[in-house]
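Right, one structure below, let's go through it.
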Amino acid sequence: MRFLFRELFKRLRIRYIILILLVLFTFSYISTFSKSTINMLSNEFPLDKSPNPQATEHFIKSMEYKNYILNLHRFVDYDNFLMRPLFNKMNEEYEKGKSLLPETSAEDVYWYVILYRGIYGIGGIPDRRDMSMAFKTTLTKEEYKKHYEEIVDKIKRFAINDFNYDVPRVTEYKFDFMIDLLNELSLSARGKLENYENEEKYDEEHLRNLIYIYIQYTKNFQIDIYL
């Protein structure tokens, strides 16, 4: 009997040691990854060059959670329950940053695209073709109508209310992000159709929005437009 207890204790002790090592390894990996992520984001988005450093600090924090989400996404889909705490923190930091911006800034639109493009499929297909949270598969017709108006508003603000954050990660991607938003506008215009009888009406509305946005955007870049 003593022998059996001794053997059982040894096996349990080995498993306990293995469990402790796994926990320590996981904690060490998370800590190292967190530090490297913070350093990377600090280099890409230096606060001293931001026109709104307090807001940008929260946006960078939301990007930190986005990187955690991307790494976890290797193993589970976006709608997995393990993702929820990370999404909550990412969204919370984004909203905090947005609330600290002046009305004339469109910096939140830039961060909206960089944070959510690969999750919701803004202007294209989500990362790893994971459609679990994509607008295309989750929004109803009524929700698409609201989404359409929100995208129009974001594009207009992005075209008119620029923000002078002179770092490569921002300046080199502004135009690409505008294209993503315009593509999303086109997708949401189709997505909100009740039936084919309304298609002409929405096409006209969509065209008017595109013309207005195009003129404002090119004016912002000091390009002469002749219609």
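The opening residue of the sequence shown carries number 1 in UniProt numbering; numbering runs sequentially from there. From the three backbone atoms N, C-alpha and C, an ideal C-beta is built for every residue, glycine too.
- Query: Is the segment 93-107 in contact with the segment 54-72, if contact means three or more CB pairs nearer than 8 Å?
  - Reply: Touching, per the Cβ criterion.
- Item | Length of the line joining the Cα atoms of N52 and A106 | Numbered from its first residue, the sequence shown carries residue 52 at position 52. Numbered from its first residue, the sequence shown carries residue 106 at position 106. Between N52 and A106, the C-alpha separation is close to 11 Å.
- Three-way DSSP call (helix, strand, coil) for N80 in this model: Residue numbering aside, residue 80 sits at position 80 when the sequence shown is read from its first letter. Coil.
- Item | DSSP-derived helix/strand/coil call for E92 | Position 92 of the sequence shown holds residue 92. E92: helix per DSSP, three-state reduction.
- Message: Going residue by residue through the segment 111-177, where are the continuous alpha helix (DSSP H) segments of at least 4 residues, counting only ones entirely within it?
- Response: 135-138, 141-160, 168-171
- Query: With V113 and F177 assumed to form a contact (beta carbons below 8 Å), what rounded beta-carbon distance in angstroms separates them?
  - Reply: For the purposes of this step, residue 113 is taken as residue 113 along the sequence shown, with counting starting at 1. For the purposes of this step, residue 177 is taken as residue 177 along the sequence shown, with counting starting at 1. Yes, they are in contact, since the Cβ atoms of V113 and F177 sit about 4 Å apart, within 8 Å.
- Just tell me which of F158, F175, H147, E103 has its CA closest to the CA of L187. Taking the sequence shown and counting its residues from 1, one reaches residue 187 at position 187. That would be H147, whose Cα lies nearest to the Cα of L187.
- Message: Tell me the residue span of the alpha helix (DSSP H) that contains P53.
- Response: As a position in the sequence shown, residue 53 is number 53, starting the count at 1. 53-72 is the extent of the alpha helix (DSSP H) around P53.
- Task: Express the C-alpha separation of F45 and L101 in angstroms, rounding to a whole number.
- Result: Residue 101 sits at position 101 when you count from the first residue of the sequence shown. Residue 45 sits at position 45 when you count from the first residue of the sequence shown. Computed Cα separation, rounded: 16 Å.
- Query: Among the residues of its own chain, which have a CB less than 8 Å from the CB of I179, if the five just before and after it don't count?
  - Reply: Residue numbering aside, residue 179 sits at position 179 when the sequence shown is read from its first letter. Closer than 8 Å at Cβ, skipping near neighbours: G123.
- Task: Report yes if the C-beta of E143 is less than 6 Å from at least one heavy atom of the ligand COA; otherwise report no.
- Result: What this structure holds is no ligand at all, so the ligand COA is not there to describe.
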